[in-house]
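Reading through the structure tokens given below for one structure.
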Amino acid sequence: MLTYSYLCQRLRFMDTKEIHISDYSYELADERIAKFPMAERDHSKLLIYNKGKVGEDIFYHLPHYLPSDALMVFNNTKVIQARLHFRKESGALIEVFLLEPSEPADYELMFQTHGRCSWLCLVGNLKKWKEGALCRMLEVGGKSIELKATRRGEVGTSQLVDFEWDGDVPFSDIIDAIGELPIPPYLNRETQESDKTTYQTVYSKIKGSVAAPTAGLHFTERVLADIDAHGIEREELTLHVGAGTFRPVKSETIGEHPMHTEYIAVRRHTIERLIAHEGKAIAVGTTSVRTLESLYYMGLKVMANPNLTEEQLHVNQWEPYESLKIRVESLAVKEVLQALLDWMDRHELTTLHSSTQIIIAPGYEYHIVKMLVTNFHQPQSTLLLLVSAFVKGDWRCIYDYALSHDFRFLSYGDSSLLIP
């Protein structure tokens, strides 16, 4: 078994890109994967990792372990019913999986669009859809509507698909009427009606994800009220979770793994509250982690070049490791965030819209996230790398405890509070 000190020694002599994903593996039997959630969300088990010590409790006691003057940040994205099924006249069933809006590219505008739009999609049974439009009749608000899907061409590993429909209804109503909620593939079961509720956080608001930010699935209104009662401030941001979150690391080293792009939206008020809390936050879920840590690098970017656009604030996969070499030990995190806030003010932005490809792995230095609420992740995944980086390599201690104490794993599984 590899120890953290051994990994540290390796990291002194090699770049983070050379980390072997095989060093981040553990045996996960299928029966340890929770196929359904607990009957009551907040009754899941809670593992507490506090500076090397491991214990457990029930999730609804979470607020008792949090400092009363803290800022807790949640991802308010909402999972869309992204699986659309069409049947050709030949009888072949074609699945069109919505990945990312293309025309219009803005998520909010997309769901308000009438008559026509385009998406980057994954297509199941693609060989049966060589040409022509796929058609499907549906009913929205008592009106009969015809939806057509036409494949325009390949874009990377995706297909660009045009959708057209008659009737004065937005695209959000179309997918609500015929779409299927995409539950994770490792559940090995069909989506059920109950998933429409249980696979959404109670605070989900902004449509756009094809996978839930599952650390948030344990929260109930009762737990949120208890967080408030403990004097803990709550803020929300948005990161739309893409299908890439399930993409396994197939390369031997992580430097060869392409990290997917995720789209984020952060309100000015949220950045103000981060600054008020000295740039420190408790993150709910790895999606909140990636958003918060990306804000730091966006702040560095505008300090180096105040004339950047929102699009140019995109954080590339390896940027935290190999660019912006002005290592800012002399700058407090709140100063970097203040630079980002000032940049937003100059551009008269109340919400920052950008994107990130950040990969967080051992060798990464956390800047904003000081505590983390998260589920238990798949072996050899980028999420496990993120956790390992957060607990300074002590992930095996956490996972060995969870495996030996009957914790449930993955999306519908139990939770953990990590305090490095």
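Per the numbering used here, the sequence shown starts with residue -4, numbered consecutively.
All residues carry an ideal CB built from backbone N, CA and C; glycine is no exception.
Q | Classification of Q373 by the beta-carbon crowding that lies within 10 angstroms, buried from 16 upward | A | With 16 or more other CB atoms across the displayed protein chains lying within 10 angstroms of its CB, Q373 is buried.
Q) R262: which of R341, L287, T345 sits nearest, CA to CA? A) Per the C-alpha coordinates, the member of R341, L287, T345 positioned closest to R262 is T345.
(Q) Report the CB separation of I249 from L380 in whole angstroms; it is logged as a contact under 8 Å. (A) 7 Å between Cβ atoms; contact.
(Q) Using 8 Å as the cut-off, can you tell me whether the region 58 to 66 makes contact with the region 105 to 118, which would need three or more C-beta pairs spanning the two stretches below that distance? (A) With the rule of 3 Cβ pairs closer than 8 Å, the region 58 to 66 does not count as touching the region 105 to 118.
Q) Which residues in the same chain as E95 place their Cβ atom closer than 6 Å to its Cβ, once the five residues preceding and following it in sequence are excluded? A) Excluding residues within five positions, the ones whose Cβ falls inside 6 Å are L115.
Q | Three-state secondary structure assigned by DSSP to Y158 | A | Residue identity differs from the one stated: residue 158 is Phe in this sequence, not Tyr. Looking at F158 - three-state DSSP - the assignment turns out to be strand.
Q | Local Cβ density within 10 Å of Q307, reported as buried at 16 or more and exposed below that | A | The residue is exposed, with fewer than 16 neighbouring Cβ atoms inside 10 Å.
Q) Do G408 and P357 have their C-beta atoms within less than 8 Å of each other? A) Not in contact: G408 and P357 (Cβ atoms no closer than 8 Å).
Q) Whose CA, out of Y194, G203, F404, H362, lies closest to the CA of H272? A) Checking every option, the nearest Cα to that of H272 belongs to H362.
(Q) Can you find the residues in the same chain that come closer than 6 Å, C-beta to C-beta, to V279, ignoring five residues on each side of it along the sequence? (A) Counting only Cβ-Cβ distances below 6 Å, and skipping sequence neighbours, we find F69, A210, G211, V368.
Q. Between E360 and A327, what straight-line distance do the alpha-carbon atoms span, to the nearest angstrom?
A. If you take the alpha carbons of E360 and A327, they lie about 14 Å apart.
Q) Residue ranges of each alpha helix (DSSP H) run of no fewer than 4 residues wholly in the region 280 to 365, ordered along the chain? A) Given a length threshold of 4 residues, each whole run of the alpha helix (DSSP H) inside the region 280 to 365 is given here in chain order: 281 to 299, 314 to 317, 328 to 341.
Q. DSSP on R391, reduced to helix/strand/coil?
A. Note: R391 maps to helix in three-state DSSP.
Q: On the DSSP bridge assignment, give the partners of W440 in chain order.
A: Because residue 440 is not part of the residues shown, which for the chain are -4 to 415, the question remains open.
Q: Can you grab the Cα-Cα spacing for the pair S189 / E84, in whole Å?
A: So the two alpha carbons sit approximately 32 Å from each other.
(Q) Relative to the C-alpha of V364, which candidate in E230, T152, L133, K275 has its C-alpha closest? (A) Checking every option, the nearest Cα to that of V364 belongs to K275.
Q) Could you give the residue range of the beta strand (DSSP E) that holds A166? A) It should be pointed out that residue 166 corresponds to Phe in this sequence rather than to Ala. Taken as a continuous stretch (DSSP letters only), F166 belongs to no beta strand (DSSP E), being part of the alpha helix (DSSP H) at 166 to 173.
Q: List the residues that DSSP assigns as beta-bridge partners of M132.
A: Residue pairing by DSSP places M132 opposite E141 in a beta bridge.
Q) Short check: CB of T72 to CB of T233, under 8 Å? A) Yes, Cβ-Cβ distance for T72 and T233 is below 8 Å.
Q. In terms of residue numbering, what span does the beta strand (DSSP E) encompassing K191 cover?
A. Counted as a single uninterrupted DSSP element, the stretch harbouring K191 is not any beta strand (DSSP E) but the alpha helix (DSSP H) occupying residues 190 to 193.
Q: Measure the C-alpha to C-alpha separation of L295 and S199 and round it to an integer number of angstroms.
A: Looking at the backbone, the Cα of L295 and that of S199 are separated by about 30 Å.
Q: Below 8 Å on the Cβ atoms is my guess for E230 versus R285; work out the distance and round it to an integer in Å.
A: That belief does not hold up - the Cβ atoms of E230 and R285 are roughly 16 Å apart, past 8 Å.
Q. Is there contact here, the region 127 to 144 with the region 163 to 180, by at least three beta-carbon pairs under 8 Å?
A. A contact exists between the region 127 to 144 and the region 163 to 180.
Q | Own chain residues within Cβ distance below 7 Å of R78, not counting five before or after | A | Excluding residues within five positions, the ones whose Cβ falls inside 7 Å are E90, F92, G174, E175, P177.
Q. Between the region 41 to 53 and the region 201 to 208, are three or more C-beta pairs nearer than 8 Å?
A. Using a C-beta cut-off of 8 Å, the region 41 to 53 makes no contact with the region 201 to 208, since fewer than three inter-stretch Cβ pairs fall below that distance.
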